[in-house]
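Data block below; observations after.
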Amino acid sequence: MITNAEIASLLGELARLTILEEGSPQAFRVRAYEAAARAVEGLDEPLAAKSEAEIAALRGLGRGTARKVRELVETGRIAHLDRLRATFPPSFQELTGVPGVGPKRALALRDHLGIRSVEDLRSALDAGAVRTVPGFGARTEENLARAVARLGAGGKERRTPIGAALRLAGDVAAALASVPGVTRAEAMGSLRRFRETVGDVDVVAVVEGDPGPVMARFVALPMAVEVIAHGPAKSAILTSAGIQVDLRVVEPQQYGSAALYFTGSKAHNIRLRQRAIERGWTLSEYGLVEAASGRVLASATEEEIYAALGLQWVPPELREDAGEVESAAAGGLPRLIEPADLRGDLHVHTDLSGDGREPLEVMVAAAAARGYEYLGITDHGEDLASNGVGREGMLAQRSRLEGLRERYPGMALLHGVELNIGPGGSVDYDPEFLAGFDWAVAGVHTHFDLDREAQMRRILTAMRNPAVRAIAHPTGRIIGRRAGIDFDLEAVLAGAEETGTALEINGSLDRLDAPVEMLRACRDRRVVLLIGTDAHHPRELGNVAWGVSHARRGWVEPARVANTWPRERFLEWAASGR
DNA sequence: GCCGTTTTCGGCCCGACTGTTTTCAGTCG
């Protein structure tokens, strides 16, 4: 059966192609398809099982989309989408990936010069033909030539994994904050919303007085290899890593509206502006303004702007127009999990695993310093080719851990293991040896390319293994590098509910796995979650902050996460079923 | 294409910048 994610993806493609058909990304049909795609993403129940009337009754979906969804479910195709695909093949769509080329110019280039690909555009630019197209001049031709020449470095579509972007944003913000007059410098945009990948890094700096010095410092940063724009309130640089950083300087009294605007998402902001319009106001990065009088109603803080619009303050991680505006209007936003809720870490490596960096004693001391009530040490099981630990190694570690228990009476020390789920669902060691562990997570580390059915069989088999308490990094993805295994979301959630196996939220910035869609789908289900750091070094115990931010994107409240539970309750749960 | 506590028709988000313009279109975030 076709999944909601697949339907949403096709609706998104419909939106992108309709931009070309309409010649505008603001066209109402485009926005309707985009809204429909978001609505489908946020649904808990499979759309494919619903009738046309039921689909049309859903918020954001109407008769047109309902008919297309039914057509898709019944025939496997959407005729309208097929027509659009034929009219605008992928090579033509790539034209709008050139900075400076939107739908109108792409269509004008096609109609006047027969340009149907970036290669065609390159040739036309070389021949000096582009300036002959109405609305195009010599300057535009020059700019396009530069844009096409730079395409190799990544066009508009290039996205950076969050890990690299966070480090860069931290460096930039710290440098700017040290400039006199700067009272705050913070990353906004998709980074603040904690998206897994970001298109660029947006930084807002609050400056009292002259913005000149902070701008000068910004464009002279050591990581800047090119200054893309340099203005009094707005500049942009390209860094050595190929990531664009935009800086906006604002006055203190506009911090709230600027933060709101630059954090986005675009869809969330549009919803807020609609609410403003309903009340006779306008909302922009400069403030919430009464349209008739021009009087500023709110601008200094996000809180006062949300409050004026009759909304609870919405945590940045939720700002995707995925139901958060409705919840905020009803006062029903969830109390999202916070770092302070966590009482233990259950996915921690030592130097016994080849990839761990510090001995057991150091890792345990670092966990104790964080005030944890329980800790699971989970080095790799023996099946992992390079870093696995044999039986003798595990038994020796168990004795050493035993010896540490006296020193940490406040922290329960669990001797655990990170098992490897084989292609058929088997795990390391044998049942007797496995029974000697206090705790075990199991994850996929090999055979990423089996088909969906085989992947589901192996995950469900591992879940039914009495030794396995949690599935570590459920999809096995590496952000920006590896897609992760093919998944049947419903099967995994049902398996987790049935067996009581927890799904890990892996806090490593390379993973952030389980993905957000999986976490959202867990709402209103009896799936136990767990936030693990996968720490290979004491400082990586701090990955818990990333796991929490990621969980917040998935609307996760603390009660659903096992390692927020008090020690006794957690230990009882950890020991059950084994 | 979707939606409705003024509407089943007539609306649908904001501002800056750039370049080609003689009053505005297109792109971007």
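In this note's numbering, the protein residues as written are 5 to 582. We treat Cβ as the ideally placed atom computed from N, Cα and C, and that holds for glycine. Note that the structure is predicted; figures quoted are calculated from it, not measured.
Looking only at its chain, what residues have a beta carbon closer than 7 Å to the beta carbon of residue 432, apart from the 5 residues adjacent to it on each side? The residue you call residue 432 lines up with position 428 of the first sequence. Only 385, 386, 387, 423, 424 meet the Cβ criterion.
Could you compute how far the alpha carbon of residue 221 sits from the alpha carbon of residue 183? The residue labelled residue 221 in the question sits at position 217 within the first sequence. The residue labelled residue 183 in the question sits at position 179 within the first sequence. Their Cα atoms are separated by approximately 8 Å.
Specify the secondary structure class of residue 288 as computed by DSSP and reduced to three states. To locate residue 288, count along the first sequence from 1; it is residue 284. It is a strand residue.
Where does residue 435 land, buried or exposed, given buried means 16+ other C-beta within 10 angstroms? Residue numbering aside, residue 435 sits at position 431 when the first sequence is read from its first letter. Under this definition residue 435 is an exposed residue.
Taking buried to mean at least 16 other C-beta atoms within 10 Å of its own C-beta, is residue 309 buried or exposed? Indexing the first sequence from 1 puts residue 309 at position 305. Residue 309 is buried by the Cβ-count criterion.
Counting along the chain, where does the alpha helix (DSSP H) carrying residue 331 start and finish? The residue labelled residue 331 in the question sits at position 327 within the first sequence. Looking at the DSSP string, the run of the alpha helix (DSSP H) that includes residue 331 is 328–333.
With distances taken between CB atoms, is the gap from residue 267 to residue 320 smaller than 7 Å? If you number the first sequence from 1, residue 267 lands on position 263. If you number the first sequence from 1, residue 320 lands on position 316. Contact flag set, yes.
Nearest-angstrom beta carbon gap, residue 107 and residue 1 [assumed within contact, 8 Å]: Residue 1 lies beyond the range of the chain shown here (5 to 582); nothing can be said about it.
Using the three-state DSSP reduction, which class does residue 583 fall into: helix, strand or coil? Beyond the ends of the chain as shown, which are 5 and 582, falls residue 583; an answer cannot be given.
So, for residue 328: in the same chain, excluding its five sequence neighbours on each side, which residues have a beta-carbon less than 6 Å away from its beta-carbon? Along the first sequence, one-based indexing puts residue 328 at 324. Closer than 6 Å at the Cβ level, and outside the excluded window around residue 328, lie 318, 322.
Report the CB separation of residue 291 from residue 302 in whole angstroms; it is logged as a contact under 8 Å. The sequence position of residue 291 within the first sequence is 287, counting from 1. The sequence position of residue 302 within the first sequence is 298, counting from 1. Correct: roughly 7 Å between the Cβ atoms.
Taking the DSSP output, what are the residues bridged to residue 535? In the first sequence, counting from the first residue as 1, residue 535 sits at position 531. Partner(s): 509.
CB of residue 567 within 7 Å of CB of residue 350, strictly: On the first sequence, position 563 is the one that residue 567 refers to. On the first sequence, position 346 is the one that residue 350 refers to. Yes, these two residues count as a Cβ contact at 7 Å.
Please determine if the stretch 130–143 and the stretch 62–72 are in contact, where contact requires at least 3 C-beta pairs separated by less than 8 Å. no
Assign residue 518 to one of three DSSP states: helix, strand, or coil. The residue labelled residue 518 in the question sits at position 514 within the first sequence. In the structure shown, residue 518 sits in coil (DSSP, three-state: anything other than H, G, I, E or B).
Quick one: what's got a C-beta closer than 6 Å to residue 209's C-beta in the same chain, skipping five residues either side? Taking the first sequence and counting its residues from 1, the one referred to as residue 209 is at position 205. Same-chain partners within the cutoff: 180, 186, 189, 218, 253.
What whole-angstrom Cβ distance do residue 412 and residue 366 have, given they're in contact under 8 Å? Against the first sequence, residue 412 aligns to sequence position 408. Against the first sequence, residue 366 aligns to sequence position 362. About 13 Å separates the two Cβ atoms, so there is no contact after all.
Sheet register partners of residue 424 (DSSP bridge): Taking the first sequence and counting its residues from 1, the one referred to as residue 424 is at position 420. For residue 424, which the question treats as bridged, DSSP gives the partners 447.
Verify whether the separation of the beta carbon atoms of residue 1 and residue 555 is less than 7 Å. Summary: the structure shown does not reach residue 1, with the chain confined to residues 5 through 582, and so no result is reported for it.
Name the two residues that bound the continuous alpha helix (DSSP H) containing residue 337. Locating residue 337 in the first sequence gives position 333, where the first residue counts as 1. Run containing residue 337: none; DSSP gives neither H nor E here.
Please determine, among 88, 87, 55, the residue with the shortest C-alpha to C-alpha distance to residue 73. For this step, residue 73 is matched to residue 69 along the first sequence. Selected option, being the one with the closest Cα: 55.
What does residue 239 pair with, by DSSP beta-bridge criteria? Indexing the first sequence from 1 puts residue 239 at position 235. According to DSSP, residue 239 bridges with 234, 251.
Is it a yes or a no for the stretch 271–279 touching the stretch 228–238, going by three-plus beta-carbon pairs under 8 Å? no
Note down, in chain order, each residue of its chain lying with its Cβ closer than 6 Å to the Cβ of residue 21, except the 5 sequence neighbours on either side. Translated into the one-based positions of the first sequence, residue 21 becomes position 17. Same-chain partners within the cutoff: 88, 92.
Per DSSP, what kind of secondary structure is residue 201 in: helix, strand or coil? Within the first sequence, numbered from 1, the residue matching residue 201 stands at position 197. It is a strand residue.
If you compare alpha carbons, which of 197, 289, 354 is closest to residue 543? Against the first sequence, residue 543 aligns to sequence position 539. The shortest Cα separation from residue 543 among 197, 289, 354 belongs to 354.
Output the distance between the C-alpha atoms of residue 565 and residue 534, rounded to the nearest integer angstrom. Counting from one through the first sequence, the residue named residue 565 turns up at place 561. Counting from one through the first sequence, the residue named residue 534 turns up at place 530. Their backbone Cα atoms lie some 5 Å apart in a straight line.
Which runs of the alpha helix (DSSP H) fall wholly inside the stretch 89–118 and span at least 4 residues, in chain order? 94–97, 107–117
Taking Cβ positions, are residue 239 and residue 225 nearer each other than 7 Å? Indexing the first sequence from 1 puts residue 239 at position 235. Indexing the first sequence from 1 puts residue 225 at position 221. No, the pair does not count as a contact, with Cβ atoms beyond the cut-off.
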